[in-house]
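One structure is given below, encoded as structure tokens.
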Amino acid sequence: MAFTAKDVQTLREMTGVGMMDCKKALAASDGDMEKAVEFLREKGLAAAQKKAGRIAAEGVVEAIVDKNGVGAVVEVNSETDFVAKNESFRQFVSDIAAVVAEKDPADLDALMALPYPGSDKTITEMQQEKVLVIGENIKIRRFARYATGYNVAYVHMGGRIGVIVNMEVSGSLKDNPAVHELGKDICMQIAAMRPLYLDSTAVPADTVESEKHILMEQVMQEGKPAQVAEKIVAGRINKFFEEVCLMNQAFVKENKITVEKHVQQVAKELGGSIAVKAFTRYEKGEGIEKKSCNFAEEVAGMVK
1 MAFTAKDVQT LREMTGVGMM DCKKALAASD GDMEKAVEFL REKGLAAAQK KAGRIAAEGV
61 VEAIVDKNGV GAVVEVNSET DFVAKNESFR QFVSDIAAVV AEKDPADLDA LMALPYPGSD
121 KTITEMQQEK VLVIGENIKI RRFARYATGY NVAYVHMGGR IGVIVNMEVS GSLKDNPAVH
181 ELGKDICMQI AAMRPLYLDS TAVPADTVES EKHILMEQVM QEGKPAQVAE KIVAGRINKF
241 FEEVCLMNQA FVKENKITVE KHVQQVAKEL GGSIAVKAFT RYEKGEGIEK KSCNFAEEVA
301 GMVK
């Protein structure tokens, strides 16, 4: 069956694949549009497998609170920042966040097996198609979900950082805009100050002991007497908590008080109770070792 330039254009609009690949697909499928789409899908699976080994350290973090108040934050990686700004890629990330909030997958494998919204494909299959269309390795890396409580989401710098803060709020305050504003402020605090723990009680005992040991070694090297050294270490361990624990940190908007004190003040002013229970902070690509190459290698890689 013959095919025309219009058929090539139609196939391109249907799949998002380049003109030459569409032409090859129609030629291989004898001009049959459905077979050509299937041909490209099969080719896409192979392309996805080939690209799966590439390092994906860019991407987008999305954080949402859905209509039911469920909070979700996801990180989806791509190879380049250019693709991370692609509208199709960003829609894919938004859809994944919505699925996490609605379906409550147990882990990444369970998430990948779920249906992709508005299609007959699984998330795995849709991810593979995105790899074909976009031309880069794409990887759903991690997610977190908060089903209960009062959740507030914040996305910083267009998806570089995403934060969810989970609070327990008394019933009379749940519809008060000031509580949402407080949640946003705490999210921005988390984005900027990178706390590792909620408060000092959440820091693992072995982490505290390790930090105390390091601090004691430092103080002893300064030649301080043992009794004095213990007091100095006690002070410095509190400083450690102020750095790594959200509730112990100085509040960024008013650094004379801690985050904990600020929350207490807002609750008192509003006449109710507010408690921060948990948070998740994702920064795109954190912990992923990026491959370094010179400009010539980068160009050579692009034309392979």
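Going by full-length UniProt numbering, the first residue of the sequence shown is number 1, and it counts up by one from there. Beta carbons are placed, not taken as given, at the ideal position from N, Cα and C, and that holds for glycine.
To the nearest angstrom, how far is it from the Cα of Ile-123 to the Cα of Leu-11?
Numbered from 1 along the sequence shown, position 123 holds the residue referred to as residue 123. Numbered from 1 along the sequence shown, position 11 holds the residue referred to as residue 11. Between Ile-123 and Leu-11, the C-alpha separation is close to 22 Å.
Minimum length 3: unbroken beta strand (DSSP E) runs contained in the stretch 139-169:
139-146, 150-156 and 161-169
Go ahead and pull the three-state DSSP assignment for Thr-258.
The residue you call residue 258 lines up with position 258 of the sequence shown. Strand at Thr-258.
When Glu-129, Asn-255 and Ala-147 are compared against Lys-277, the one with the closest alpha-carbon:
As a first step, residue 277 is located in the sequence shown; it is residue number 277 there, counting from the start. Taking only the C-alpha atoms, the option nearest Lys-277 is Ala-147.
Contact criterion: CB-CB distance below 8 Å. Does Lys-253 meet it with respect to chain C?
Although the question refers to chain C, the structure presented lacks it and comprises just one protein chain.
Tell me which same chain residues have a C-beta within less than 7 Å of the C-beta of Lys-103, skipping the five on either side of it?
To locate residue 103, count along the sequence shown from 1; it is residue 103. Closer than 7 Å at Cβ, skipping near neighbours: Leu-114.
In the DSSP assignment, find the beta strand (DSSP E) that holds Ala-278 and state where it starts and stops.
Counted from its first residue, the sequence shown places residue 278 at position 278. Taken as a continuous stretch (DSSP letters only), the beta strand (DSSP E) holding Ala-278 covers 274-283.
Helix, strand or coil, according to DSSP, for Asn-248 in the structure here?
By one-based count along the sequence shown, residue 248 stands at place 248. Three-state DSSP puts Asn-248 in a helix.
Anyone know if the C-beta pair for Ala-57 and Asn-86 falls short of 8 Å?
Sequence index remark: in the sequence shown, residue 57 carries index 57 (1-based). Sequence index remark: in the sequence shown, residue 86 carries index 86 (1-based). Not closer than 8 Å, so no.
Can you tell me the Cα-Cα spacing of Ala-202 and Gln-127, whole angstroms?
The residue labelled residue 202 in the question sits at position 202 within the sequence shown. The residue labelled residue 127 in the question sits at position 127 within the sequence shown. Rounded to the nearest angstrom, the two C-alpha atoms are 36 Å apart.
Alpha carbon of Lys-6 to alpha carbon of Lys-43, nearest angstrom
Counting from one through the sequence shown, the residue named residue 6 turns up at place 6. Counting from one through the sequence shown, the residue named residue 43 turns up at place 43. For Lys-6 and Lys-43, the distance between alpha carbons rounds to 22 Å.
Assigned secondary structure, Thr-122 (DSSP; H/G/I helix, E/B strand, else coil)
On the sequence shown, residue 122 is found 122 positions in, with the first residue counted as 1. Strand, per DSSP.
Considering only the alpha carbon of each residue, which of Leu-40, Ile-64 and Ser-273 lies closest to Ile-164?
Your numbering for residue 164 matches position 164 in the sequence shown. Checked all of Leu-40, Ile-64 and Ser-273; the closest Cα to Ile-164 is Ile-64.
Close Cβ partners of Val-100 (< 7 Å) along its chain, the five nearest in sequence each way excluded:
Taking the first residue of the sequence shown as 1, we reach residue 100 at position 100. Cβ neighbours of Val-100 beyond the five flanking positions: Ala-72, Val-74, Leu-111, Phe-143 and Arg-145.
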